[in-house]
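If you read the sequence shown in this note's numbering, its first letter stands for residue 1291, the second for the next number, and so on. Note that the Cβ used here is the ideal one computed from N, Cα and C, for glycine as well. Please read these numbers as outputs of a predicted model, since none were measured by experiment.
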Amino acid sequence: MAKLGGNIDHVATIGQARDGNEPDPVAAAAIAELAGADGITIHLREDRRHIQDRDLKILRQVVKTKLNLEMAATDEMVEIALAVKPDMCTLVPEKRQELTTEGGLDVRMHAQSIEKAIARLHDGGILTSLFIDPDSDQIKAANKIGADYVEIHTGSFADAVDWKTEEQELIKIENAIKLSTKLGLGVNAGHGLTYTNIKKVAALGGVEEYNIGHSIISKAVLVGLDRAVRDMVELIKYA
Ligand code: PXP
1291 MAKLGGNIDH VATIGQARDG NEPDPVAAAA IAELAGADGI TIHLREDRRH IQDRDLKILR
1351 QVVKTKLNLE MAATDEMVEI ALAVKPDMCT LVPEKRQELT TEGGLDVRMH AQSIEKAIAR
1411 LHDGGILTSL FIDPDSDQIK AANKIGADYV EIHTGSFADA VDWKTEEQEL IKIENAIKLS
1471 TKLGLGVNAG HGLTYTNIKK VAALGGVEEY NIGHSIISKA VLVGLDRAVR DMVELIKYA
């Protein structure tokens, strides 16, 4: 059965809008695990825009399922990963100006540096995954340089503006799952998946874990708002 990796970056995003004290991503991870998430994913960005080094260190102690660290394939990040030892590192491209991770890694173009990062992480006993577009050349390149998993970027499928484009993007994802599996790579998928579009991707089968963040945190804000307002009204009225 496919698994859910809960990405809690956006809990930290809300915190960073103020002083970073609340909501605590560590508390969010515990709730996500209690609700059945099979793993927790966080992205420690070079600019520390949301998740902080402190979050990573505490989450390593608290997460009981699987901790997946998304990061750029830089020396700084590899050093941090080797010190903290998440269960898996998912290497992603990173540009400071982007809103979120836009596009998959170009494994062919950056094969040398990514291969070096994979080898160092393997020496530290950490599984590796490469976040790539559903593209056969990228999948073959990921396999060649020793990645354990690929995470197939579902963003173009999620952003499709008409049913025909959506169908074409879904076929690309299906072919990517098949090729990755044939080569012996583990297959994860994520980016832009929602309560609506997950059904079509999940129906393809062959994916071990879906990494989903924004849609879950968005829903949490809305389904939790009623209770949160009632609690505050109660405090004010009956103080
Ligand atoms: N997978 C990767 C590699 C990502 O960078 C992200 C976004 O942080 C996700 C999955 C989750 O995407 P979303 O927040 O759109 O569910």
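Under DSSP, the beta strand (DSSP E) around His1333 begins and ends at which residues? Gly1329 to His1333 is the extent of the beta strand (DSSP E) around His1333.
Quick check on this structure: which residue in Leu1420, Asp1365, Pro1313 and Lys1406 has the alpha carbon closest to the alpha carbon of Cys1379? Out of Leu1420, Asp1365, Pro1313 and Lys1406, Leu1420 has the C-alpha closest to the C-alpha of Cys1379.
Per DSSP, which one or two residues make a beta bridge with Thr1380? According to DSSP, which records beta bridges pairwise, Thr1380 is partnered with Glu1360 and Ser1419.
Any heavy atom of the ligand PXP closer than 7 Å to the beta-carbon of Glu1441? With a threshold of 7 Å, the Cβ atom of Glu1441 counts as near the ligand PXP, since some heavy atom of the ligand is closer than that.
May I have the straight-line CA-CA distance separating Ile1507 from Ala1325, to the nearest angstrom? Computed Cα separation, rounded: 14 Å.
For Gly1295, collect the residues of the same chain with a Cβ closer than 8 Å to its Cβ; drop the 5 residues on either side in sequence, then sort them by chain order. Same-chain partners within the cutoff: Ala1327, Asp1328, Gly1329, Ile1330, Thr1331, Lys1356, Asn1358, Asn1478, Gly1480, Glu1499, Tyr1500, Asn1501 and Ile1502.
From Arg1338, Gly1445 and Leu1483, pick the residue whose C-alpha is nearest to that of Gly1305; which is it? The residue with the shortest Cα to Cα distance from Gly1305 is Arg1338.
Range of the contiguous beta strand (DSSP E) that encloses Asn1297: Element bounds for Asn1297: Lys1293 to Asn1297.
On a Cα-Cα basis, can you pick out the residue from Thr1444, Ala1371 and Ala1448 that is closest to Ile1463? Taking Ile1463 as reference, the option from Thr1444, Ala1371 and Ala1448 with the minimal CA-CA separation is Thr1444.
Taking C-alpha atoms, which residue in Gln1342, Val1353 and Val1352 lies nearest to Met1367? Of the listed residues, the one whose Cα sits closest to Met1367 is Gln1342.
Since Glu1499 sits in a beta bridge, which residues does DSSP pair it with? Beta-bridge pairing links Glu1499 to Lys1293 and Asn1478.
Between which two residues does the beta strand (DSSP E) carrying Ala1442 extend? Before going further, note that residue 1442 is Ile rather than Ala in the sequence given. In this chain, the beta strand (DSSP E) harbouring Ile1442 covers Tyr1439 to His1443.
Looking only at C-alpha atoms, which of Ala1431, Val1440 and Asn1487 sits nearest to Trp1453? Closest option to Trp1453, Cα to Cα, is Asn1487.
To the nearest angstrom, how far is the alpha carbon of Ala1302 from that of Ala1529? The alpha-carbon separation between Ala1302 and Ala1529 amounts to approximately 31 Å.
Check each candidate in Ala1448, Glu1384, Val1440 and Ile1321 and name the one with the smallest Cα separation from Leu1349. Proximity to Leu1349 across Ala1448, Glu1384, Val1440 and Ile1321 peaks at Ile1321, based on C-alpha coordinates.
Cβ-based burial, Leu1512 [other Cβ within 10 Å; buried from 16]: A residue is called buried once 16 or more other Cβ atoms fall within 10 Å of its Cβ, and Leu1512, having fewer, is exposed.
Check whether the Cβ of Leu1475 sits closer than 7 Å to any heavy atom of the ligand PXP, and report yes or no. Result no, Cβ not under 7 Å from the ligand PXP.
Give a yes or no on whether the C-beta atoms belonging to Leu1473 and Tyr1439 are separated by under 8 Å. No, the pair does not count as a contact, with Cβ atoms beyond the cut-off.
CA-to-CA distance, Pro1383 to Ser1403, given in whole angstroms: Spanning the alpha carbons of Ser1403 and Pro1383 requires a straight line of approximately 12 Å.
Ala1318: which of His1412, His1333, Asn1297 and Glu1336 sits nearest, CA to CA? When His1412, His1333, Asn1297 and Glu1336 are compared, the shortest CA-CA separation from Ala1318 is found for Asn1297.
Near Ala1401, what residues of its chain come up, given a Cβ to Cβ distance below 7 Å and the 5 sequence neighbours on each side ignored? Result list for Ala1401: Ala1431 and Ile1435, in chain order.
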